[in-house]
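*Asks:* Okay, so the sequence shown: first residue is 54 according to our numbering, each after it adds one. Heads up, the beta-carbon is just placed ideally off N, CA and C, and yes, glycines get one too. Note that the structure is predicted; figures quoted are calculated from it, not measured.
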Amino acid sequence: PVTTMIRERAGNTALLGVSALTLATLIGIPLGVFTGSRAHGPLVSAARGASALLLAVPPLITSLVLLLVAVRTGWLPAGGLPDTSAAGGPLAAVAITARHLVLPALALALPIAASLERLQSGAMREALDDPSILAARARGIPPRRIIWTHAWRLSLKPVVAIYGIIVGSVLSGSFAVEIVTVWPGLGDLTYQALRSRDLYLVAGCAATGAGFLAAGIFASDLALAAVDPRIEERA
C-alpha cells in the first residue's frame with residue numbers, strides 16, 4: 054500500500070526538515086539581527102557576502118560540494134541512513150542517525166539560513182527606525198537591550214509571516230538534497246516512483262508534500278498571532 058511506504062519516508066523527511074530548520078534558525082536569525090543592527094564593518098560585510106553566495110548557489114550544488122568534502126576528508130558519512138535496529142540500544146541508534154543526518158541537514162539549512170538572515174536584517178533595520186525604539190534610545194536604555202529585547206521582538210512579525218512558507222517548502226521540497234545525499238525520505242521515494250511510473254505513489258508523495266506545506270503555513274499563522282495579538286482583535 055502507498056500509505057505504508059509513505060509513512061516511514063515522511064518521518065525521515067520530517068526529521069531532516071525539522072533539523073535543517075532548527076539549524077537555519079539558530080544561524081540565520083542571530084546573524085540577521087547582527088547585520089541589521091550595524092551599518093558597516095568587516096564582519097557585517099563577510100556575513101552579507103556569505104548570504105549572497107549561499108542564496109545564489111542552488112541547494113543541489115551545495116549538497117554536491119558538501120558531499121565532496123565529506124568524501125575527501127572522511128569527517129562525515131557520505132550519505133544514506135543505515136539500519137539502526139541492530140545498533141546496540143536506543144542511544145547508539147540515535148548517535149548513528151545524528152551522524153548521518155549532519156550532511157543533508159547542513160546542505161538544506163545553509164540556503165535557508167541565508168534567506169532568514171536577509172529577512173531578519175531588513176526587518177531589524179525597519180524596527181530600529183520605529184518611533185518606539187527611538188523613544189527608548191532617548192530614555193537612555195542600553196543599545197544591547199534595545200537591539201536584543203525591544204527591536205528584535207518588533208522585527209519578528211515580517212519574519213514570522215514568511216517563515217511558514219519556508220517551513221512548508223523545506224518539508225515538501227527537500228527532494229534534491231535527499232536524492233544527492235541518499236537520504237531515505239520522500240524525495241528519494243518520489244524519484245523511484247517517477248522512474249517506475251507508479252502514478253499512485255507519485256500522487257501520494259505529492260499529497261504528503263502538500264500536507265507539509267499546509268501545516269507549515271498554519272503553524273506560521275499561529276506564530277504570527279502570538280507575536281502580534283492585534284491580529285486576533287482585528288479578526
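Given this structure, state the Cα-to-Cα distance separating Ala288 from Ile149, to the nearest angstrom.
*Replies:* Model confidence at Ala288 stands at a pLDDT of 49, short of 50, so the residue's coordinates are unreliable and nothing is read from them.
*Asks:* If distances are taken between C-alpha atoms only, which option among Gly64, Ala260, Arg60, Gly85 comes closest to Trp201?
*Replies:* Residue Gly85 is the option with its Cα nearest to Trp201.
*Asks:* In three-state terms, what does DSSP make of Thr56?
*Replies:* Three-state DSSP puts Thr56 in a helix.
*Asks:* Could you please give the first and the last residue of the uninterrupted alpha helix (DSSP H) stretch that includes Val122?
*Replies:* 112-126 is the span of the alpha helix (DSSP H), which, as asked, contains Val122.
*Asks:* Could you check whether Ala204 and Ala180 sit closer than 8 Å to each other, using their CB atoms as the reference points?
*Replies:* It is a contact, given that the beta carbons lie within the stated cut-off.
*Asks:* Can you tell me whether His153 is helix, strand or coil according to DSSP?
*Replies:* The answer is helix: DSSP assigns His153 an H, G or I state.
*Asks:* So Leu120 and Gly132 are in contact, right, with Cβ under 8 Å, and what is the actual spacing, rounded?
*Replies:* With a Cβ gap of about 7 Å, Leu120 and Gly132 count as contacting.
*Asks:* Give the range of the alpha helix (DSSP H) segment to which Gly193 is assigned.
*Replies:* Premise fails: Gly193 is in no alpha helix (DSSP H) and is neither H nor E.
*Asks:* Whose CA, out of Pro196, Asn65, Ala145, Arg60, lies closest to the CA of Ile232?
*Replies:* If we check each option's Cα against that of Ile232, Asn65 comes out closest.
*Asks:* Measuring only the C-alpha atoms, how far is Val300 from Thr243?
*Replies:* The structure shown does not extend to residue 300, since the chain spans only 54 to 288, so no value can be given for it.
*Asks:* Just reading off the alpha helix (DSSP H) that Gly102 is part of, what are its end residues?
*Replies:* That run of the alpha helix (DSSP H) goes 95-109.
*Asks:* Are the CB atoms of Ala276 and Val213 within a distance shorter than 8 Å?
*Replies:* Yes; because the gap between Cβ atoms is below 8 Å, this pair is in contact.
*Asks:* Do Ala123 and Leu156 have their CB atoms nearer than 8 Å?
*Replies:* Cβ distance < 8 Å, so Ala123 and Leu156 count as in contact.
*Asks:* With distances taken from CA atoms, which of Thr261, Glu170, Leu254, Leu106 is nearest Tyr216?
*Replies:* Tyr216 has its Cα closest to that of Glu170, out of Thr261, Glu170, Leu254, Leu106.
*Asks:* Give me the residue from Pro54, Thr75, Ala176, Thr126 with the minimum Cα distance to Gly89.
*Replies:* Nearest of Pro54, Thr75, Ala176, Thr126 to Gly89, Cα basis: Ala176.
*Asks:* Looking at the structure shown, is Ala131 part of a helix, part of a strand, or coil, going by DSSP?
*Replies:* Coil at Ala131, not helix or strand.
*Asks:* Considering just the uninterrupted stretch of the alpha helix (DSSP H) at Gly240, what are its terminal residues?
*Replies:* First-last of the alpha helix (DSSP H) with Gly240: 239-248.
*Asks:* Would a C-beta distance cut-off of 8 Å place Pro112 and Ala259 closer than the cut-off?
*Replies:* No, the pair does not count as a contact, with Cβ atoms beyond the cut-off.
*Asks:* Measure how close the beta-carbons of Asp182 and Leu207 come, nearest whole angstrom, since I'm counting them as under 8 Å.
*Replies:* Not quite, the Cβ-Cβ distance comes to about 10 Å (not below 8 Å), so this is no contact.
*Asks:* With C-beta atoms as the reference, is Ile165 less than 8 Å away from Ile219?
*Replies:* Yes, the pair counts as a contact, with Cβ atoms nearer than the cut-off.
*Asks:* DSSP on Ala92, reduced to helix/strand/coil?
*Replies:* DSSP places Ala92 in coil when its eight states are reduced to three.
*Asks:* Is the beta carbon of Gly193 closer than 8 Å to that of Ile59?
*Replies:* Cβ distance not < 8 Å, so Ile59 and Gly193 don't count as in contact.
*Asks:* With DSSP collapsed to three states, give me the class of Ala288.
*Replies:* The predicted position of Ala288 is uncertain, since its pLDDT is 49 and thus under 50; no value can be drawn from it.
*Asks:* Which whole-angstrom value is the C-beta distance of Ser227 and Leu129, which I expect to be below 8 Å?
*Replies:* Between Leu129 and Ser227 the Cβ distance is about 18 Å, and since that is not below 8 Å, they are no contact.
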